[in-house]
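**Q** Residues 1 to 142 (the working numbering) are what the sequence shown spells out, left to right.
Ideal placement from N, C-alpha and C gives every residue a C-beta, glycine not left out.
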Amino acid sequence: MRGRRAYLLVLAVVLAGCSIRQEIKPVALAQLPMKEMCIRENRDVRPGFLDAYKAALESKGLSVRVIDPDAGVTACPLLTTYVANWRWDFTMYMAYAQMVVYRDGAEVGRAVYDAAGGGGRLDKWINADDKVRELVNQLFPG
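1) Could you give the uninterrupted runs of the alpha helix (DSSP H) lying entirely in the region 42-68, keeping only those of 4 residues or more?
2) Quick check: the region 31-50 against the region 63-71, are at least 3 beta-carbon pairs closer than 8 Å?
3) Between Q98 and the rest of its own chain, which residues show a CB-CB distance below 6 Å, the 5 nearest in sequence each way excluded?
4) State the start and end residues of the unbroken beta strand (DSSP E) segment that holds K25.
5) Take N137 as the anchor and find which of R103, S59, W88, D51 has the nearest alpha-carbon.
6) Which one of K25, A128, V101 has the shortest CA to CA distance from R87?
7) DSSP puts M99 in a beta bridge; with which residues?
8) Compare the beta carbon distance of Y102 and L79 with 8 Å and say whether it is the shorter of the two.
9) Would you call F49 buried or exposed, if buried means 16 or more other Cβ atoms sit within 10 Å of its Cβ?
10) Just reading off the beta strand (DSSP E) that C188 is part of, what are its end residues?
11) My assumption, with CB atoms under 8 Å, is that D114 sits in contact with R21. Please give the rounded CB distance.
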């Protein structure tokens, strides 16, 4: 019985140390000078992520144009970049996503989802499209 309690205590401590982090620096849509957003394509990320990101931005009333991966952050008055990666833990899951919004080349907003330290947490196996939509809704509130 004592060994079981010790095991449960160690398990609780290990799982408590596992974290999923999400940070948002929101952008006020009403303060944007225009409603066209360019997305700088990132060919190192699964194509489905770009599709989900574009659809989520369009649902916020933005007109979206995908531009070349080599374009600078001043290529469009409003531009966003993204990075995302997946890991394997019994199945593939989105371990990290970051979206950065630039206005005239200056960063005005950012959304980060980081489940890389999620360890034994079961909620790291999220639907990536749903998470992208959630991040965009927090990045562009209202």
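**A** In this structure, then:
1) Segments of the alpha helix (DSSP H) lying fully in the region 42-68: 47-59.
2) yes
3) V83, V112
4) 21-25
5) S59
6) A128
7) Note: M99 sits in a beta bridge opposite Y82, A111.
8) Yes, they are a contact pair.
9) buried
10) With the chain covering only 1 through 142, there is no way to say anything about residue 188.
11) 4 Å
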